[in-house]
Each structure stands twice: as structure tokens, then as C-alpha cells.
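In this text, residue positions in the sequence shown follow the working numbering: the first is 83, and each later residue adds one.
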Amino acid sequence: MAQAKMIPTARQAQYSDIRCIKNNATGETLMFLKTARDTNGSYVEFELTSPPSFEGPPNHAHPLQEERFTVISGKLGVELNGNQQVLGPGEEIVVPAGKTHRFWGAGEETVKATVRLTPALHFAELLDITCRSANERNSEEPTLIDGAVLLQRYRDEYKPVFLPLPVRVVVLPFLAIVGRLMGRERVINQWISEHYT
């Protein structure tokens with residue numbers, strides 16, 4: 083009698099998806115060391131591995147979260163409130179909640195760093211869904227519509243200060259409505275329900 087193959091359930095498959103995120107276009111990988119579930123919402127921590135000279139996100143802030151970068155290898159450039167510095171292995175910087183910052187690869191070797199956000203909120207979910215949207219079209223970033231839906235949904239986790247205030251206050255909410263009408267919010271909600279509920 084033939085033995086039945088064990089097929090992983092959606093629950094089992096989702097666990098590994100949550101632990102590692104990769105942006106196929108940039109080569110950036112995020113390996114979650116601690117999730118909100120692990121820390122009871124206290125913090126989320128991941129290991130960032132990025133190719134040399136990666137650009138990183140533009141100026142942004144985390145309104146309610148402190149962000150700590152600790153470099154493991156390579157060089158990480160960080161700009162905090164207009165002041166730039168380059169961190170090497172063993173060095174770290176803490177970005178207080180609400181402060182404008184950005185980061186990038188500052189050398190010619192792969193950058194590896196741990197990143198911790200306190201409290202966790204839904205930051206891992208935001209990163210995962212952003213990456214899924216980008217990977218869906220083999221791009222570095224999600225579509226404009228998906229980005230608007232995500233920025234509205236996760237406004238406590240990520241504030242795109244690189245965008246002018248009128249764009250953040252008027253254009254993004256309008257594009258998020260367009261995203262709902264186009265069914266993109268439904269797709270995003272499906273991704274979330276498959277992996278985070």
C-alpha cells in the first residue's frame with residue numbers, strides 16, 4: 083500500500099515565510115530573529131543582509147517606534163536628522179521614535195546588520211507585504227497604488243517624510259481609495275489573512 087505524502091499546511095508554510103523575506107530585485111534579505119509573537123509585542127528584530135552600495139529607503143520616520151541598527155559586517159551609512167555617519171562592525175546607532183532618518187550600504191562589501199524596532203507593532207507585516215508587492219512585479223518597490231494602500235494602513239509604523247506634506251495628506255489617501263476600487267486592498271488583506279491571523 084502506497085504511503086501518503088505529507089503536504090505542509092498553509093500554517094506551516096507561512097511560518098517560514100514570516101521568518102525570511104527577500105526582495106528579488108534588490109537582493110536584500112531580512113531574516114527575522116524575533117517577531118512580535120516571540121516578544122509579546124515588545125519588539126521585532128531582524129538581520130538585514132544587503133548587497134554592496136544598496137541605496138536603502140529614502141528619508142522616513144517611525145512615529146511610534148525606536149529603531150536600533152547594529153552592524154555585523156560591512157559598512158552602513160546612516161543619516162539621522164541631516165547628520166550622516168558610517169558605522170562599521172560592532173557599532174550601533176539608536177534612532178528615537180519620530181526622528182527622520184535613512185540608511186544605505188556605505189562600502190564595497192555586503193552589509194549585514196541587526197535591526198530592532200521597539201515596540202514591534204505591525205512592522206514585520208509591513209515589510210513582508212511591501213516585499214510581496216515588489217516581488218509580484220519583480221521591482222525594487224511596490225506599485226504606487228499598493229504603496230499608497232500600505233502607507234495608509236501602516237501609518238503608525240512608517241511615515242514617508244521624503245514626500246511633501248500635501249502628497250501625504252491628500253494624494254496618498256486618494257490613491258489608497260483607488261487601490262480599494264481596483265481590488266489591491268483585497269489582495270493585500272488576503273496576504274495578511276494567510277500569514278498574520
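Glycine included, each C-beta is placed from N, C-alpha and C at the ideal position. Given the structure is predicted, the values throughout are model-derived calculations rather than measurements.
So, for residue i: in the same chain, excluding its five sequence neighbours on each side, which residues have a beta-carbon less than 6 Å away from its beta-carbon?
i: A86; result: A caution first: A86 carries a pLDDT of 38, below 50, which makes its placement in the model too unreliable to give a value.
i: T108; result: E222
i: I89; result: Confidence in I89 is poor, its pLDDT being 33 and thus under 50, which makes the residue's placement too unreliable to answer from.
i: F244; result: P140 and N141
i: E267; result: V231 and G261
i: S275; result: none
i: V269; result: none
Near residue i, which residues of its chain fall below 7 Å by C-beta distance, leaving aside the five closest residues on each side in sequence?
i: P134; result: G187, G189, E190, E191 and T192
i: A195; result: L130, F151, T152, V153, I154 and L158
i: A179; result: H144, P145, L146, Q147 and E148
i: L209; result: I103 and L112
i: R250; result: P242
i: Y240; result: H142, H144, L208 and L233
Please report the Cβ distance between residue i and residue j, rounded to the nearest whole angstrom; I am assuming they are in contact, meaning their Cβ atoms lie under 8 Å.
i: V176; j: L169; result: Wrong, their Cβ atoms sit about 12 Å apart, outside the cutoff.
i: N165; j: K181; result: Not really, about 11 Å apart at Cβ, beyond 8 Å.
i: N105; j: N217; result: 7 Å
In chain order, what residues of the same chain lie with their CB nearer than 8 Å to the CB of residue i, ignoring the 5 residues before and after it?
i: A206; result: I100, F114, T117, A118, V126 and F128
i: T91; result: In this prediction, T91 has a pLDDT of 33, which is less than 50 and means its spatial position is unreliable; nothing more can be read from the coordinates.
i: E174; result: R150, F151, T152 and V153
Please determine, among the options, the residue with the shortest C-alpha to C-alpha distance to residue i.
i: I211; options: N220, P224 and N141; result: P224
i: Y236; options: G265, P255 and N105; result: P255
i: R184; options: E218, E173, Q167 and N217; result: Q167
i: S132; options: V249, T121, R198 and E110; result: E110
i: Q272; options: P246, V253, R214 and K241; result: R214
i: V197; options: N220, G172 and R219; result: G172
Is the segment 228-235 close to the segment 259-269, with three or more CB pairs under 8 Å? The segment 228-235 is in contact with the segment 259-269.
Return the chain-ordered ranges of every beta strand (DSSP E) run that is complete within the segment 136-180 and spans a minimum of 3 residues. Those beta strand (DSSP E) runs which fall completely within the segment 136-180 and span 3+ residues are 148-155, 158-162, 165-169 and 174-177.
Okay, do the segment 194-211 and the segment 122-130 touch, 3+ Cβ pairs below 8 Å being the bar? They touch, by the three-pair rule.
Whole beta strand (DSSP E) runs in the segment 183-245 with 3 or more residues, listed along the chain? Entirely contained in the segment 183-245, the beta strand (DSSP E) runs reaching 3 residues are, in chain order, 183-187 and 193-200.
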